[in-house]
Amino acid sequence: MELVEREPEPSGGQPRRGALSFAERRVADLAAAGHRNREISLKLHITVSTVEQHLTRIYRKLRIPNRAALRALFRKEAQL
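Quick note, the sequence shown lines up with residues 1 to 80 if you use the numbering used here.
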């Protein structure tokens, strides 16, 4: 079994954006800003499939179900 070191979670049990890789943060920032997968792929010069894979990992790492929850989380963190 492989052990993975994780960044501590803030109170409330919600993982931080810091748990994301650099590439995942770039995709998350654009998705949270309202960009569609195709737009993100063009801006970052990656395929739509890669954007979708990043979003899947982002949702899993942040324990959120979808893009709307991602926007809400980023909005909440921006207010802190």
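All C-beta atoms in this analysis are idealised placements derived from N, C-alpha and C, irrespective of residue type, glycine included.
**Study point:** Beta-carbon spacing of lysine 76, leucine 20 below 8 Å
**Key:** no
Review point. DSSP on serine 21, reduced to helix/strand/coil?
Key: coil
Review point. Which residue's Cα is closest to the Cα of tyrosine 59: Ala23, Lys43, Ala28?
Key: Ala28
Exercise for review: Identify the continuous alpha helix (DSSP H) that holds isoleucine 58 and give its terminal residues.
Suggested key: 48 to 62
Review point. How about the stretch 41 to 54 and the stretch 66 to 73: do they share at least three Cβ pairs that are nearer than 8 Å?
Key: no
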